[in-house]
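Asker: Residue numbers (the numbering used here): 152 to 275. One structure is given below, represented as structure tokens, and several questions about it will come after.
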């Protein structure tokens, strides 16, 4: 293939690609706009949840706010849940006494030990 033919083929390929690449540019811009919109929507949901909690603290009830025409927030307000530290600490730091087995059921270690020594199987 001579240089003129190569240049012609290359020009045709670039023309075909330019239309396709223009769409890629537009798609990237649309994706970025979507991302920004999602971030703004999430921020609005969080703000609504925070203000909803303030409304509850000043005396409005969920039912009253719904009757007025407001929809309950779809996310929870940020921050630490309200409640006494004493109750939260006691429930989360209590040690577990459960072994995770059903009475009469062998643990995995016991079952492995039983399988490991077949000579002992008949003596039990």
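For each residue, glycine too, the CB sits at the ideal point set by N, CA and C.
#1: Indicate whether residue 228 and residue 204 have their beta-carbon atoms separated by less than 9 Å.
#2: Flag residue 152 as yes if its beta-carbon sits less than 9 Å from any beta-carbon of chain C, otherwise no.
#3: Taking the straight line between their C-alpha atoms, what separation do you get for residue 202 and residue 196?
#4: Please report the distance separating the alpha-carbon of residue 207 from that of residue 218.
#5: Taking 8 Å as the limit between beta carbons, can you name the residues of its chain near residue 211, skipping five residues before and five after?
Answerer: In short, the structure shows the following:
#1: yes
#2: The structure shown contains no chain C; it is built from a single protein chain.
#3: 10 Å
#4: 14 Å
#5: none
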